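Numbering of the sequence shown is given in the working numbering, commencing with residue 127 and proceeding in unit increments.
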Amino acid sequence: MTAPRILAIDAARRLGYAYGAAGSRPISGSIECAQEGASRGAIFSGAGRWITGFISANPVDVLAIEAPLPGSFVQGQTNISTATILLGLPAVLEFMAFQLKVYRHIRINQSSVKKHFVGHGQGDQKSAIMVKCRALGWIGKDDADQSFDRSDALAVWSYVEADVAPRFTQPVDDLFIASERRKREAEELSRRYSPAQIPERF
């Protein structure tokens, strides 16, 4: 079995994405599908153009999209216009992916992603997810894009990796992260204090 190439998306007007083969370090970022205040059509069009370009340049085996929470609509936390966009975007993205011969689509429950990535499935875990992404080295402290859209997409990517390709799954527990951090720190110290090489000839 080869490692499936996963494209994970946090779908909204500002769309977060994470991409890579299971077992690899994912690339990630976020894009604005349209300007703030743009119409639904403009946002859907921007998302469709983006995913068309992305999949055309990057082969995808699995498309995973974080499903919007129906509860937030019921409780009045999201207005009808925003709700329509959040519900419509996954359909647009899946339609365009299907046209490009990406046939495996997964909708991911937010609470399952949060439980997998930070150990708590309830409540707002955006800050904790960002901290975990930085600890894994998936988002650098100097990266220009420090958005929650990006980190949320990375959490979705990690969940899907564990779900569809368990043999390639990368640990995201705190013990593993602490070990990786110590390894990176040791490598940095080794580079910093290694003696300069003396050229054989001047």
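Note that beta-carbon positions come from the ideal geometry of N, C-alpha and C, so glycine has one too. Please read all numbers here as calculations on a predicted model, not as lab measurements.
Which same chain residues end up closer than 7 angstroms to residue i when comparing Cβ atoms and leaving out the 5 residues on each side of it in sequence?
i, result
"valine 228", "Ile181, Val186 and Leu189"
"lysine 241", "Gly247"
"valine 244", "Gln251, Ala254, Ile255 and Lys258"
"tyrosine 319", "none"
"valine 200", "Note that valine 200 has pLDDT 47, beneath the 50 cutoff, so the model's placement of it is unreliable and the number below is only indicative. There are no such residues."
"serine 316", "none"
"glutamate 314", "none"
Which residue from the options puts its Cα closest to that of residue i?
i, options, result
"aspartate 300", "Arg276, Cys259 and Ala129", "Cys259"
"isoleucine 132", "Ala312, Ala288, Gln161 and Phe274", "Ala288"
"serine 237", "Ala291, Thr210, Leu226 and Glu192", "Glu192"
"alanine 223", "Ile177, Met127 and Ala183", "Ile177"
"glycine 179", "Gly266, Pro194, Thr128 and Ile157", "Ile157"
"methionine 127", "Ala160, Ala281 and Phe294", "Phe294"
"serine 284", "Ala138, Arg140, Gly146 and Pro321", "Gly146"
"alanine 281", "Arg151, Ser165 and Pro216", "Arg151"
"alanine 144", "Thr208, Val286 and Gly249", "Val286"
"serine 154", "Ala134, Val239 and Gly167", "Ala134"
"isoleucine 234", "Leu262, Pro216 and Leu226", "Pro216"
"arginine 140", "Ile206, Ala129 and Ile211", "Ile211"
"asparagine 184", "Val290, Pro292, Pro130 and Ala270", "Pro130"
"valine 239", "Ala270, Val298 and Ala164", "Val298"
If you follow the beta strand (DSSP E) that residue i is in, where does it begin and where does it stop?
i, result
"serine 154", "153 to 158"
"tyrosine 143", "140 to 147"
Considering only residues of the same chain and omitting the five flanking positions on each side of residue i, which have a CB-CB separation below 6 angstroms?
i, result
"serine 171", "none"
"aspartate 136", "Gly142, Glu192, Asp275, Asp278 and Ala279"
"glutamate 220", "His231"
"serine 273", "Ser156"
"tryptophan 264", "Leu280"
"glycine 149", "Ala129 and Phe294"
"glycine 105", "Nothing can be reported for residue 105, as the shown portion of the chain is limited to 127 through 328."
Per DSSP, which residues does residue i bridge with? Please list them.
i, result
"valine 188", "Ile132 and Arg230"
Span of the alpha helix (DSSP H) holding residue i?
i, result
"proline 216", "206 to 225"
"serine 284", "274 to 290"
"alanine 168", "166 to 183"
"aspartate 238", "The residue asked about is misnamed: residue 238 is serine in this sequence, not aspartate. Element bounds for serine 238: 236 to 244."
"arginine 260", "252 to 262"
Spell out whether any CB of chain C is found under 7 angstroms from the CB atom of residue i.
i, result
"valine 228", "Chain labels in this structure do not include chain C; a single protein chain is all it has."
Leaving out five residues on either side along the sequence, give the residues of the same chain with a beta carbon under 8 angstroms from the beta carbon of residue i.
i, result
"lysine 267", "Arg260"
"arginine 166", "Ser207, Thr210, Ile211 and Gly214"
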